[in-house]
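Read through the structure below, which is laid out as structure tokens, and then see the notes.
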Amino acid sequence: MEDVHSIFINTINRSSRCNGKGGTEKNNGDDERSSRYPFVKALSMSGGDGDNSYSTNSLLQKRVIRKVKPVLVKNTKGMMKNLNFPTYIKVADLGCATGQNTFLTMSEIVNTITVLCQQCNQKPPEIDCCLNDLPNNDFNTTNKFIAFFNKIVKSKGLCFVSGVSGSFYSRLFPSKSLHFVHSSYSLHWLSKVPKGLEKDTSCVYIAASSPPSTYKAYLTQFQRDFTTFLKMRSEEMVWNGRMVLTFIGRETIDDPLHRDCCHFWTLLSTSLRDLVSEGLVSASKVGSFNMPFYDPIKEEAIEMIRKEGSFEINDLEIHGFDLGQSNNYDEDYKLHSQKSKAGEKEAKCIRAVSESLLVAHFGVDVMDTLFNKFAYHVSQHTSCTNKTTVSLVVSLIRK
């Protein structure tokens, strides 16, 4: 097999609009929130390839990508057939993060196209693989995996890889230029912390102790962001183009404030309160920190898709959420050393996705202590079976 012809170019998005106006245009309320929550601008997965990096600690995300493979393959084939085997295909992975996971997705798409073209006696198209994430993302580490990508793709045609820096809550690509969009474990991140959380200072996210206004604030921000995401992609995608989106959600329950006792942000809240009790951080500092995150139920996501109106739902699946760190032990699962190991691995996973935000607000000095606390609290909940967190997988067709 020939090597893929690959290039990597970082481009900074300078065009942000929605309905003719700036997609990132701020009103006074947004300005106030930006000053209250400046740490949101630091959002990125931990870079490099060290012990605490995202590249080293993204096993869960890799497992999710593999689980979603049948939906990805099905929709890649459907896109090619519905578009009558175009000679050029532009694919985007939105929220690609850093490391090799994005290339697992891209190689699956490229290989599916290659095999389908061979089966249908069609000439393979030129494929443009665009990797997108926020400007703080470590694209350099991702760039090192181009050689890995070359090894796992089967295409003999031209294939190009480029990096596109910018928020997917804004325009990233020219109109009607995208054929296929993929996003995995990114859309649960909001563009900003919701307004109206000032009275909820005990937790960094929704919890059973939160007032109902907290849930409403988070849901409103998710509705705003997800609708914007769909509008932006509707402008960028060709007719009959496809999207496969995977994000963290929750199972339908009667109480929208309910989060498991072992929910990762619940455990982070507990760990931060430990630091307060030990005098390492102030209570006011913890009270002014909230996660720009939302885990919707499927009905909330469906409602937004149908209300925005640009896409038809093709597939909708729910998969059990498992950090993948604590289910591979021997029968004597309750041994302290095994539970501690499970806690340490989960702590590294959560640290890799949240440390940039936490450092920007609390400073780097308390990070090791914080996640040692987190690992301990995970170890105390390894037998928790009342888990409602799930992965939502939805594939969409551009109308």
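If you're matching positions, the sequence shown starts at 154 in the numbering used here and goes up one per residue.
All C-beta atoms, glycine included, are put in the ideal place defined by N, C-alpha and C.
If you're wondering where the values come from, they're calculated on a predicted model, not measured in any experiment.
What residues are listed by DSSP as bridge partners for residue i?
i	result
A370	None, per the DSSP bridge assignment.
A245	C283, V334
G402	V543
L213	Per DSSP, none; premise fails for L213.
H472	S544
C312	I280
F446	W342
E465	I550
With 16 other CB atoms within 10 Å as the buried threshold, where does residue i fall?
i	result
G252	buried
T164	Reliability fails at T164, whose pLDDT of 48 lies under 50, so the model's placement of it is uncertain and the value that follows must be treated cautiously. Answer is exposed; the Cβ neighbour count stays below 16.
E499	buried
S337	buried
N290	buried
N553	Absent from the model: residue 553. The displayed extent of the chain is 154 to 552, so no value can be given.
T240	exposed
S320	buried
A300	exposed
R219	exposed
N539	exposed
R459	exposed
V517	exposed
I448	Going by the sequence as given, residue 448 is Asp instead of Ile. Buried is the call here.
N481	With a pLDDT of 42 at N481, under the threshold of 50, the modelled position of that residue is not reliable, and the figure given next carries that caveat. N481 is exposed by the Cβ-count criterion.
P347	buried
P277	buried
G462	exposed
G200	buried
K352	exposed
Where does residue i fall in DSSP's three states?
i	result
F321	coil
V531	helix
M390	strand
L433	coil
N293	helix
R459	helix
D485	For D485, the predicted structure reports a pLDDT of 40, less than 50, and the residue's modelled location is therefore unreliable. A value from the coordinates is still provided. Three-state DSSP puts D485 in coil, outside helix and strand.
R395	strand
D202	coil
R412	coil
V439	helix
K234	helix
D521	helix
T240	coil
E453	helix
K498	helix
S362	coil
T538	coil
K227	helix
K352	coil
Could you check how far apart the C-beta atoms of residue i and residue j are, in whole angstroms? I think they sit under 8 Å.
i	j	result
K230	T255	So it is not a contact: roughly 21 Å between Cβ atoms.
V391	N228	Their Cβ separation, rounded to whole angstroms, is 14 Å, which puts V391 and N228 out of contact at 8 Å.
T258	D413	Actually they are not in contact, since the Cβ atoms of T258 and D413 sit about 28 Å apart, beyond 8 Å.
M232	V357	Not really, about 39 Å apart at Cβ, beyond 8 Å.
L523	I471	In fact, because the Cβ distance is near 32 Å, the residues do not count as touching under 8 Å.
R551	S387	7 Å
G402	A370	That pair is no contact at about 18 Å.
A454	H411	The pair is not a contact, with the Cβ atoms about 18 Å apart (cut-off 8 Å).
V519	L469	So it is not a contact: roughly 41 Å between Cβ atoms.
F417	I503	5 Å
Alpha carbon to alpha carbon, how far is residue i from residue j?
i	j	result
R324	T535	42 Å
M198	N293	13 Å
C270	I262	12 Å
N296	S363	42 Å
N235	G394	9 Å
Q275	N237	10 Å
L196	A495	26 Å
Y529	E497	8 Å
D246	F464	18 Å
L311	D204	35 Å
E279	S339	27 Å
S308	F379	34 Å
V434	Q374	28 Å
G176	V334	The predicted model places G176 with a pLDDT of 42, which falls under 50 and marks its position as unreliable; any figure quoted below should be read in that light. Computed Cα separation, rounded: 20 Å.
D427	K345	26 Å
K501	Y207	9 Å
N210	S315	24 Å
H341	T405	16 Å
D408	C249	33 Å
S424	K215	27 Å
G440	L343	19 Å
S507	K194	12 Å
V217	I305	19 Å
K451	L383	16 Å
V244	F313	10 Å
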